Structures are given as C-alpha cells and as structure tokens.
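Going by full-length UniProt numbering, 180 is the number at position 180 of the sequence shown; the sequence numbering is gapless.
Report on the structure given below.
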Amino acid sequence: MANRGKSDTSKVGRSKPRLSPEPEAAPVLDANERLLKCMEEMLEGVRSDLVSKFDEIVSGAVRREITSALAPLEAKVTSHEQAIADLERSATDRDDKLTTLGATVASLKDMVEFISKKCEDLEGRSRLNNVRVVGVPEGSEGSGPTDFVATLLQDLLGLSYKPALDRAHRTLRAKPTAGEPPCPFVARVNMFQQRNEILRKASEASPLIYNGRRISVFPDFTAAVAKKRTAFTKVKKELRCCPGVKFGLFYPAILRITLPNGQVQRFEDPSLAMDFVEKKLKNAVIPDSV
C-alpha cells in the first residue's frame, strides 16, 4: 500500500500542466483578419464599381430616354416660341393699325356729324318758304292743287291778294282710307314776306274753318327740327301761366323768354328751360325794371 501511495504520488508529481496556444497561432489570426479586411475592402470596391456602373448604365438609358422624349417637346416649344413671337408682332402691328383706325374713325365721325348738321341746316333752309296746310279733305283740290291752295289761303286768311305759290302738293304718303286724317298740303310761297304774313295771319285767325272742318297752317319743318320744337310744348304751356312774361320759339328750336323787367333768356335745352321756369318764374318774384 505504501508503494501504491508512492506510485500515485509520483504520478501526480509527474502530471503535465495545461498548455497555452502556441505562439505561431497569433500571426495566423492577424493574417486572417487582414485578409478578411482586405476582402471586405475589395468587395466594397467591387460594390461601388458595380453601383457606379449600374448608375451610369441606368443614367445613360434614362438620359437617352429623356432625350428622345424631350426632342419632340423641344421642337414643339421652339415652334410655339416662334408662333408666339409672330403673334406678338402681329398683335403689335394690329394695335398700331387699330390706333390709327381709331383716330380715323373719330375724324370721320366728327366729319359725318358736321355734314349731317350741314345737311339738316340746308334742308331746313330749303323749306323756309314752305307752309304746311293740315285738315283739307282729300280730293278737294281737284286737278289744280297749286291754284286751289292759293285761293284757300286767300279766303281763309282774308288776304287782299292771292299768294304767289311756286307749287303745292300733298305729302308723299299712301292715300288715307276712310276714317284716317287727310294728307297735309305742302305749299312753296314765292316770296318769303308773303310766307311770314300767311303764318302770322293764320296764328291770329285761329281756328280756321273750311266746309265745317278745322284747318291749320304751320311752317314746314324737317322731322328733326319738328321733334326739337315739340319738346318745348310743355315749357310753353307753363309760360302761358306766368303773367308779364313773353316768349317765342325761334328757328330751329330756340326758346326766347322775355321777363317783365326786360331780361331775355334763351334756351336750346327744354329741360333747362323748364328748370328756369319752375325755379325762377314760378317760385320767385321778378322785380320790375326801374
């Protein structure tokens, strides 16, 4: 037993201790790490190259696609730019022409207005010797209207002479049917003085009666002048209610008002005349002249 104890003790004393890694393994690990790192760098470089190449390929394809798609658009834009430039030039040219045309139209408008007034004045002057006889039954004149109207005026107005008429005829419109008023006579008096006397006596002798029918004698005005004179009818009616006020309607349509104190007012606008009558005559006392 003692020997076995010794033998066990010697076995224990001779047991080998545990060994640490060999020194040669450390460089291998370092080399592996460097290799791994190098491979990672190579892979990263390859990846970067692949990404770059892919981007380049994709970019080129996209660029070519975009270029091919933009080419017709660029052509259209260029065409539109040219068209817009042409339109701008055309618009500028038209604007210049319209400006010139506007000035021409304004000038022509003034000219037409002047000529219209001139024609109206000339037509009115051509009628200065005319008188209009209204209310004579149709057919009374027979075949000699000029002599009939001259005799009619002499008899109605009590003239000491037979007026010298250049001509007389009914107005040029359709012959009236039964129940319609007869067409008026238009007579041209040879002398202006006789025409004025006829109108004056017709006003003094009113109403004039022929075969039981009322006859009226008026100046022969143009339609425009007659319309202007008719616009003063209401004013004249108001003036008749103003004591001491005299008035007259002069050619073509000028209302002359003479106040009791001798002041004279002239109006071409009926509204202004009515305003004057209502504010100055009806609502105010006009002092007599000293």
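Beta carbons: idealized from backbone N, C-alpha and C, even for Gly.
Since the structure is predicted, the reported quantities are computational estimates derived from the model, not experimental observations.
Output the distance between the C-alpha atoms of residue i and residue j, rounded to the nearest integer angstrom.
i	j	result
R229	D166	27 Å
Q265	T151	40 Å
E180	H169	18 Å
P145	A103	52 Å
K279	A273	10 Å
S68	I84	25 Å
V62	M39	33 Å
R64	Q82	27 Å
K175	L159	31 Å
A205	L157	7 Å
I66	H80	20 Å
L172	P182	12 Å
Q263	I209	38 Å
For the alpha helix (DSSP H) containing residue i, list its first residue and its last residue.
i	result
L199	192-204
F276	270-276
Check residue i in the structure and name its three-state DSSP category.
i	result
N261	coil
S126	helix
S216	strand
A231	coil
R240	coil
G248	strand
F54	helix
F267	strand
When the distance is taken between beta carbons, is residue j closer than 8 Å to residue i?
i	j	result
A164	N190	yes
V186	R132	yes
F218	K236	no
V225	L281	no
L239	I254	no
S216	V134	yes
P137	R214	no
D220	R127	yes
P270	A223	no
For residue i and chain C, any beta-carbon pair shorter than 8 Å?
i	result
A106	Here chain C cannot be found, since the structure has a single protein chain.
Span of the beta strand (DSSP E) holding residue i?
i	result
L208	208-210
A187	185-189
Runs of 4 residues minimum, wholly inside the segment 98-176: which ones carry the alpha helix (DSSP H) assignment? You should have 145-157.
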